[in-house]
Amino acid sequence: MKYFPLVWATLWRKKTRTIFTLLSVVVAFLLFGMLETVAHAFAHPSSGITGADKLVTTNKYSITLALPFSDAQQIRSVPGVSEVTWMTWFGGYYQESKNFVFALPIDTDSYFNLHKGEFIVDEGQLQTFRNTRTGALLNSALMKKFGWKIGDKVPLHSTIWTQKSDGSLDWTFDVVGSFSVKDPTQASAQSLTLLFHYELFDEGRSFGKGNVSWFEERVGDPSQASAISNRIDALFANSPNETKTQPANDFQMAFIKQFGDIGFVLRAILGAVFFTLLFLTGNTMMQSVRERTPELAVLKTLGFGDEKVLALVLAESLLLCVMAAFIGLALSFATLPIIKQGLQGLELTPRALVPGMGAAVLLALIVGLPPALRAMRLNIVDALADKR
Amino acid sequence: MFKQFAAVISMSLQTLPQRMGASSVIVIGIAGVVAVLVSVLAMGAGFRHTLADTGRADRVIILRGGSDAELNSNLTRTDVDIISNAPGLAKDAGGRALVSSELVTVVNVPKIDTGTDANVTLRGVGLRVTEVRPELKIVSGRMFRPAVRELIAGSGAAKQFRGLIVGSVLHLRNADWTVTGVFTSNGDVHESELLADVDTVGSSVERNGYSSAVALLTGAAEFTRFKDALTTDPQLKVDVQREPDYYAAQSKQLTKIINVVGKTVAIIMAIGAMFGALNSMYSAVAARGLEIATLRAIGFGALPVLLSVMTEALLLSLLGGIIGASLAWLFFNGHSVSTLGGAFAQVVFQLTVTRTLIVTGIVWACVIGLLGGFFPALRAARLPVAEALRAA
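Read top to bottom, the protein sequences are chains A and B.
Be aware that the first sequence starts at 217, since it is given in the numbering used here, and climbs by one per residue.
Be aware that the second sequence starts at 11, since it is given in the numbering used here, and climbs by one per residue.
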């Protein structure tokens with residue numbers, strides 16, 4: 217530690233050069249932080265459903281094919297299943313197709329029983345929702361997004377479901393309350409949710425009655441999840457509507473995977489960034505040590521051992537990289553809110569700190585070692601004569 | 011003045027090999043930026059091309075009003091009958107309108123590389139599909155037959171998804187379907203799909219009716235007449251779009267995302283590379299301090315010196331840009347990938363390094379080089395002659 221002032225001073229020997237090198241390493245770690253966070257979010261998607269005890273059952277051959285509502289009774293009777301609820305994809309938006317609203321027709325009793333304790337909702341508002349046929353319970357973030365308040369009538373356009381009464385694709389709901397999700401990792405996946413009554417939906421639609429898009433189950437013992445999944449699927453094997461049951465998180469993962477190997481693309485970019493950077497910083501370090509040959513010779517003359525000189529150069533490289541990495545990662549965390557806006561539904565958490573610092577140390581060693589070895593091997597007489 | 015410039019630049023280029031290390035920083039730094047920029051944008055370009063190449067101006071797609079996409083849409087048999095009698099439609103030899111009633115469903119087929127299920131479009135098509143879509147060509151095997159469970163696979167789908175070779179059997183919803191052929195379709199989005207007879211698909215998914223109707227007009231100019239006839243018909247509630255418009259709208263969002271992401275990453279990287287370029291050019295100027303001072307002392311102007319440093323930076327960055335764009339082209343051009351498209355189904359496309367993208371990459375390289383060269387060039391031009399000579 218007593219050599220810190222010396223390392224610090226040599227680092228800033230050529231101010232402009234150090235600042236530029238520092239900035240380019242900062243930039244690399246800014247990208248590292250941003251891309252790692254996004255890659256992590258894609259690798260660990262949140263389904264908006266909390267817990268390892270939740271299963272999702274869909275049609276085996278296609279998520280777009282429906283399942284008969286009557287399956288619910290059979291699923292409920294499977295040992296280990298403690299609750300089952302059903303939903304249908306509504307395909308809703310408000311006014312314009314870019315204003316997607318995740319409108320979800322739910323069976324109130326089983327839905328709230330299945331998700332017991334996961335929502336923060338006012339008891340009174342929940343009761344009003346139960347009692348209002350056309351009522352809707354909205355995520356508070358969604359309410360804020362469109363500036364809706366309790367008592368508003370909200371018209372949503374469904375891209376799929378026509379009303380039996382007039383053939384219209386427009387459905388109107390009464391906003392009776394709001395909810396939010398307790399689990400912060402699921403909050404953004406749920407931020408566009410509007411819950412309304414399945415009964416209203418099923419009676420109101422002009423076709424597809426009695427069919428649902430998917431079931432959600434809660435199991436008593438999460439370690440039994442895969443056995444229970446198999447039991448559910450066995451019920452419907454060889455029926456016209458075979459099922460596929462999987463943990464809610466796997467279901468979401470499979471969906472994310474359909475976008476392609478995003479993690480690979482992001483890491484390939486990072487690879488290019490770091491290779492470029494390695495070259496750039498390594499070159500600067502080499503040059504800086506070469507210019508200081510006579511000074512290093514003086515140090516050695518003063519009695520600094522070979523190892524100490526090696527350590528001094530490495531420390532300089534380490535200081536530069538770690539400092540820059542820290543600034544870069546801090547900046548990347550500051551950009552998270554912006555990235556979040558572009559990636560609706562993905563939960564971003566600043567996770568790149570530890571791997572980022574690891575990468576910084578590694579980088580420092582790779583770029584610092586060649587000049588450090590060179591400094592260590594310097595022959596005092598030649599170096600003082602400045603024979604490079 | 012030009013002569014002076016030529017002399018200085020030739021001198022600086024001749025001494026360039028002595029500054030190899032520092033100079034290669036510019037080349038490699040910029041090559042990295044351009045390679046990333048061009049590769050990412052090639053993804054967007056490939057996706058856009060696949061959808062933009064779908065359809066022709068004289069072909070229309072008819073959906074139920076307000077549905078946005080085929081998957082959500084629903085047309086009855088009566089709807090299709092009315093559509094088939096509208097004015098402006100091309101007819102076959104027997105005088106029947108060239109309309110293909112289609113039923114779009116999505117089926118799970120595992121991807122070859124990951125083994126996980128992907129949403130693949132199974133499109134039921136009408137009997138006259140080959141006349142409505144003349145670009146559809148069977149490249150191996152044969153066409154499916156109606157009324158039996160046979161399907162043909164697009165060449166893109168066959169490459170990305172498991173079990174889509176001629177003769178193989180696909181188990182879909184309680185029944186076995188035989189793959190009888192593989193088709194191409196001008197490299198458009200249908201190459202990502204499976205095609206089969208519409209009524210066979212309908213009975214398999216227990217759906218009575220269609221998703222959409224695709225109709226060939228006698229000419230692109232007939233569109234308005236045809237559209238007006240359908241939209242003013244009180245019996246119908248449909249949206250009529252030219253095929254290219256329909257597919258262009260589907261590519262818009264993803265292309266935009268790819269472009270924004272690609273450019274953001276490249277801009278940030280470019281800033282990093284610019285710092286690298288600044289460093290190398292400053293050290294190049296420092297290394298040539300004596301040379302520059304001598305030139306100034308014997309009467310060379312400041313401007314030729316400034317320009318020569320800028321030119322050197324520009325040439326190095328140009329080289330970097332060319333290397334970067336070539337790497338992107340070499341590794342990724344024609345690379346086939348698939349993603350979830352706007353219509354909730356997989357779209358197979360190829361990364362396309364277009365000429366525009368190469369030019370874009372090289373322009374970026376030059377801008378980085380100019381910015382990175384300017385301040386060092388300024389310093390070179392302002393070098394106090396006497397001091398620089400004495401320092402040496």
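The beta-carbon is built from N, C-alpha and C at its ideal position, and this holds for glycine as well.
Subject >> Assigned secondary structure, Thr-126 (chain B) (DSSP; H/G/I helix, E/B strand, else coil) >> reply: coil
Subject >> Boundaries of the alpha helix (DSSP H) in which Trp-302 (chain A) is found, first to last residue >> reply: Per DSSP, Trp-302 (chain A) belongs to no alpha helix (DSSP H); it is in the beta strand (DSSP E), 297 to 303.
**OP:** Inspect the beta-carbon positions of Met-284 (chain B) and Gly-177 (chain B) and report whether they are closer than 8 Å.
**Re:** no
**OP:** State the DSSP-derived secondary structure class of Asn-427 (chain A), mapped to helix, strand or coil.
**Re:** strand
**OP:** Name the one or two DSSP bridge partners that Ala-206 (chain B) has.
**Re:** B:Gly-134, B:Leu-161
Original post:
Are the beta-carbon atoms belonging to Thr-253 (chain A) and Arg-567 (chain A) less than 8 Å from one another?
Top reply: yes
**OP:** State the CB to CB distance for the pair Gly-379 (chain B) and Ile-40 (chain B), rounded to an integer number of angstroms; the pair is presumed to be in contact (CB under 8 Å).
**Re:** 7 Å
**OP:** Figure out for me which residue from A:Gly-521, A:Ala-588, A:Glu-432 has the closest Cα to the Cα of Ala-268 (chain A).
**Re:** A:Glu-432
Original post:
Excluding the five sequence neighbours on either side, which residues of its own chain have a C-beta within less than 6 Å of the C-beta of Pro-144 (chain B), listed in chain order?
Top reply: none
**OP:** Could you confirm whether any beta carbon from chain B is found closer than 8 Å to the beta carbon of Gln-503 (chain A)?
**Re:** yes
Original post:
In or out: Ala-307 (chain B) buried (at least 16 other Cβ within 10 Å) or exposed?
Top reply: exposed
Original post:
Does the Cβ of Ile-36 (chain B) have 16 or more other Cβ atoms within 10 Å, making it buried, or fewer, making it exposed?
Top reply: buried
Original post:
Taking buried to mean at least 16 other C-beta atoms within 10 Å of its own C-beta, is Pro-295 (chain A) buried or exposed?
Top reply: exposed
**OP:** Report buried or exposed for Lys-276 (chain A), applying the criterion of at least 16 other Cβ atoms within 10 angstroms of its Cβ.
**Re:** buried
Original post:
Is it true that the CB of Ala-79 (chain B) sits closer than 8 Å to the CB of Ser-94 (chain B)?
Top reply: no
Original post:
In or out: Leu-313 (chain B) buried (at least 16 other Cβ within 10 Å) or exposed?
Top reply: exposed
**OP:** Mind checking the segment 180 to 195 of chain B against chain A and listing, in chain order, the residues whose C-beta falls within less than 7 Å of any C-beta there?
**Re:** Leu-182, Arg-183, Asn-184
**OP:** Would you check if the segment 191 to 201 of chain B and the segment 109 to 122 of chain B touch, i.e. whether three or more CB-CB distances between them fall below 8 Å?
**Re:** no
Subject >> the segment 397 to 408 of chain A in contact with the segment 293 to 309 of chain A per 3-pair CB rule at 8 Å >> reply: no
Subject >> Glu-458 (chain A): contacting residues in chain B (beta-carbon distance under 9 Å) >> reply: Arg-183, Asn-184
Original post:
Got a sec? Which residues, its chain only, sit under 7 Å from Leu-113 (chain B) by beta carbon, not counting five neighbours each side?
Top reply: Gly-134, Val-208, Val-211, Gly-212, Arg-217, Tyr-220, Ser-221
Subject >> Opening and closing residue of the alpha helix (DSSP H) in which Trp-374 (chain B) lies >> reply: 365 to 392
**OP:** Give the range of the alpha helix (DSSP H) segment to which His-59 (chain B) is assigned.
**Re:** 30 to 62
Original post:
In terms of alpha-carbon separation, which member of A:Ala-531, A:Leu-410, A:Met-501 lies closest to Phe-220 (chain A)?
Top reply: A:Ala-531
**OP:** With DSSP as the reference, label Ser-187 (chain A) as helix, strand or coil.
**Re:** The shown model of chain A, from 217 to 604, leaves out residue 187 (chain A), and the question about it has no answer.
Subject >> Beta-bridge partners of Lys-270 (chain A), as assigned by DSSP >> reply: A:Arg-434
Subject >> Proximal residues, the segment 348 to 379 of chain B versus chain A, C-beta separation under 8 Å >> reply: Ser-348, Thr-349, Leu-350, Phe-354, Gln-356
**OP:** Check whether the Cβ atoms of Gly-334 (chain B) and Gly-282 (chain B) sit closer than 8 Å, and answer yes or no.
**Re:** no
**OP:** May I have the straight-line CA-CA distance separating Ser-298 (chain A) from Asn-329 (chain A), to the nearest angstrom?
**Re:** 10 Å
Original post:
Between Ala-398 (chain B) and chain A, is there a C-beta pair that is closer than 8 Å?
Top reply: no
Original post:
Which value, in whole angstroms, describes the spacing of the CA atoms of Ala-206 (chain B) and Ala-185 (chain B)?
Top reply: 14 Å
Subject >> Cβ pair Arg-46 (chain B), Ala-276 (chain B) closer than 8 Å >> reply: Going by the sequence as given, residue 46 (chain B) is Val instead of Arg. Cβ atoms of Val-46 (chain B) and Ala-276 (chain B): closer than 8 Å.
Original post:
Which two residues bound the contiguous beta strand (DSSP E) that contains Leu-181 (chain B)?
Top reply: It should be noted that the sequence gives His, not Leu, for residue 181 (chain B). It spans 179 to 182 - the beta strand (DSSP E) in which His-181 (chain B) sits, taken as one unbroken run.
**OP:** Verify the CB distance criterion: does Phe-405 (chain B) have a CB-CB separation below 8 Å to chain A?
**Re:** Lying outside 11 to 402, the shown extent of chain B, residue 405 (chain B) is not represented and no answer is given.
Original post:
Alpha carbon to alpha carbon, how far is Lys-237 (chain B) from Arg-69 (chain B)?
Top reply: 12 Å
**OP:** Spatial neighbours of Ile-267 (chain B) within its chain, please: CB distance less than 7 Å, with the 5 preceding and 5 following residues excluded, ordered by chain position.
**Re:** none
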